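Counting in my numbering, the sequence shown runs from 109 upward without gaps.
Ideal Cβ placement from N, Cα and C applies to all residues, glycine included.
As the structure is a prediction and not an experimental result, all values here were calculated from the model.
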Amino acid sequence: MNKEIIVITGGPGTGKTTIINGLLEKGYTCFPEISREIINDARKQGIEQLFLEKPLLFSELLLEGRKKQYIQANEHSEKLIFLDRGIPDILAYMHYIGDSYPSFFDEECRTNKYTKVFLLPPWEEIYQSDEERYENFEQAKLIYNHLKETYENYGYELIEVPLDVQDKRILFILDAISR
């Protein structure tokens, strides 16, 4: 088996982190979502919502972190690596807020390619907002649409994960990878 770098993505509150944590518990190598870390670092510097106040800076920090994750995943000894979001997520969010970005964002999406991308659809029953997640459910659905469109624009065939309990979602993902 060649190196497989798998992205788990979806709008806010769709269960991505729960799935990543479940995969970790099963012994898989996973890289966490880094946006919360960036948000919390900005708060320590007095910026309450970096994504809202300085979206390009926030996106540049995300790009740097996700590129680093991609490189680490490629260098990792494990052949199967899961990432909580990928580089195209950054562009999807920029499209969502209607902001422009430098061309090197697009170049990074074309250069750093993932093996498979699993997309989690909006799921109102589990959706919750919190300190870092300011979007409401309607906004989460719009972000999902931007994610779908952005990944498809980069040539990915998205695999939509059905709404189900965590274990069944993980089994669905693992089954789809083994095919």
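Query: Span of the beta strand (DSSP E), counted from its first residue to its last, around L188; Result: 188 to 192
Query: Helix, strand or coil at T258 according to DSSP, with G and I counted as helix; Result: helix
Query: Proximal residues to Y288 (C-beta, below 7 Å), its chain only, five neighbours per side dropped; Result: Absent from the model: residue 288. The displayed extent of the chain is 109 to 287, so no value can be given.
Query: Separation of L170 from I142, as counted between CA atoms; Result: 7 Å
Query: Cβ neighbour criterion (16 or more within 10 Å) applied to N220; Result: buried
Query: G263 - DSSP class collapsed to helix/strand/coil; Result: coil
Query: Spatial neighbours of I278 in its chain, beta-carbon cut-off 8 Å, leaving aside the 5 residues before and after; Result: I127, G130, L131, K134
Query: Endpoints, beta strand (DSSP E) assigned at L271; Result: No beta strand (DSSP E) holds L271; DSSP gives it neither H nor E.
Query: Beta-bridge partners of F139, as assigned by DSSP; Result: L191
Query: Beta-carbon spacing of V273, L191 below 7 Å; Result: no
Query: I263 and Y222 closer than 7 Å at C-beta; Result: Before going further, note that residue 263 is Gly rather than Ile in the sequence given. No. Outside cutoff.
Query: Alpha-carbon spacing of K224 relative to L282, whole angstroms; Result: 11 Å
Query: Entirely enclosed beta strand (DSSP E) segments - the segment 116 to 161, minimum 3 residues; Result: 137 to 139
Query: Cβ contact check for the segment 176 to 184 and the segment 150 to 163: 3 or more pairs under 8 Å; Result: no
Query: Burial state of F212, where buried means 16 or more other Cβ atoms lie within 10 Å; Result: exposed
Query: Closest Cα partner of L165 within the set T258, E243, E257, P210; Result: P210
Query: Neighbourhood of H184 by C-beta, 7 Å cutoff - its chain only, sequence neighbours within 5 removed; Result: T137
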